[in-house]
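Heads up, the thing below is written out as structure tokens.
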Amino acid sequence: MQEAAKSKDSKIVLALDFPYESPNNRQNVLSKAQKILKAVHPYICAVKINHHLVLPLGTFDGVQQLVEQIRGQGLIAIMDAKVNDIGATNQMIAEYYYSAGFDTIIANPFVGWDEGLKPLFEVSMRLNRGVILLCYMSHKGASEGYGQTIIDSETGEKTLQYVSFAKKALKWGADGVVVGATYPKKIKEIKHILGQKVAIYSPGVGAQGGDAETALKAGADYLIVGREITMAVDPAKASSQLCDSIKGL
Ligand code: O7M
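First residue of the sequence shown? That's 73 in our numbering, and the numbers climb one at a time after it.
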């Protein structure tokens with residue numbers, strides 16, 4: 073990610089999301105995605121794909137073509153699977169996505185380590201890929217889970233769920249955490265725990281009300297941006313303007 077961000081001089085991760093279309097128009101979704109990638113690739117450092125594309129296109133029929141295009145453009149391909157199952161299933165999910173060429177996968181730390189995310193980290197290490205963990209999501213309801221006060225199972229002390237997840241990201245050797253751009257104070261708090269060891273990816277800029285500059289100044293390393301670019305009249309212009317506006321931050 074650091075190399076891609078440096079060579080593209082951009083901290084933008086494009087969330088390649090599109091509104092629902094009838095499954096009969098699947099081919100249209102694929103061409104829209106290919107067209108946007110072609111237009112915006114000079115202004116971004118990575119692309120995040122999730123169910124918006126895997127469901128209509130399929131992993132090995134359509135999404136793999138996009139992953140090849142993404143990697144061919146010198147960008148990192150991130151699979152936003154929010155992996156959240158028992159270990160054996162998590163490992164299978166990762167192996168398939170890695171087979172399709174993804175560099176990294178996003179997982180949910182609520183599932184825990186033993187027989188949870190451990191097999192996912194092991195397969196990722198073995199294949200030299202990355203794991204990014206959710207830490208505090210961008211939507212309002214995030215407070216009900218990520219914002220809960222909990223009793224830490226190891227220390228027996230009261231703490232906040234997202235603080236515990238940030239510490240786990242360090243302990244488990246995660247490559248990044250996701251913290252909503254809509255919560256800059258939480259980005260700052262989490263940055264204080266992670267330092268430069270684990271990168272912060274912030275979604276929620278634009279469409280969800282988060283501000284790019286505020287999130288970066290609070291400590292975000294990368295911004296995950298979807299609709300502000302994908303729904304723009306001119307996606308290349310929208311991404312190049314955003315990229316320019318955050319240079320040097
Ligand atoms: O810029 P948007 O709002 O159009 O899109 C944001 C993208 O980031 C979209 O793909 C969401 O699924 C994702 N996202 C959030 O919006 N909030 C979160 O807390 C976490 C994610 C995410 O990427 O999780 C890995």
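The beta carbon of each residue, even a glycine, is placed where N, CA and C say it ideally should be.
Original post:
Terminal residues of the continuous alpha helix (DSSP H) containing S274?
Top reply: Segment 271-275 is the beta strand (DSSP E) holding S274; no alpha helix (DSSP H) there.
Original post:
Looking only at its own chain, which residues have a Cβ that is under 6 Å from the Cβ of V297, when we skip the five neighbours before and after it?
Top reply: I84, V277
Original post:
Secondary structure at M73, three-state DSSP: helix, strand or coil?
Top reply: coil
Original post:
Does the beta-carbon of I158 have 16 or more other beta-carbons within 10 angstroms, so that it is buried, or is it exposed?
Top reply: exposed
**OP:** Can you tell me which of P256, G213, L147, A287 puts its alpha carbon nearest to the alpha carbon of S79?
**Re:** L147
Subject >> Assigned secondary structure, L266 (DSSP; H/G/I helix, E/B strand, else coil) >> reply: helix
**OP:** Evaluate D89 with the Cβ neighbour count: other Cβ atoms within 10 Å of its Cβ, from every protein chain shown; 16 or more gives buried, anything less gives exposed.
**Re:** buried
Original post:
Do the CB positions of A149 and I165 come within less than 9 Å of each other?
Top reply: no
Original post:
Taking 8 Å as the cut-off, is the CB of Y273 close to at least one heavy atom of ligand 1?
Top reply: yes
Subject >> For K263 and Q74, the rounded distance between their alpha carbons >> reply: 17 Å
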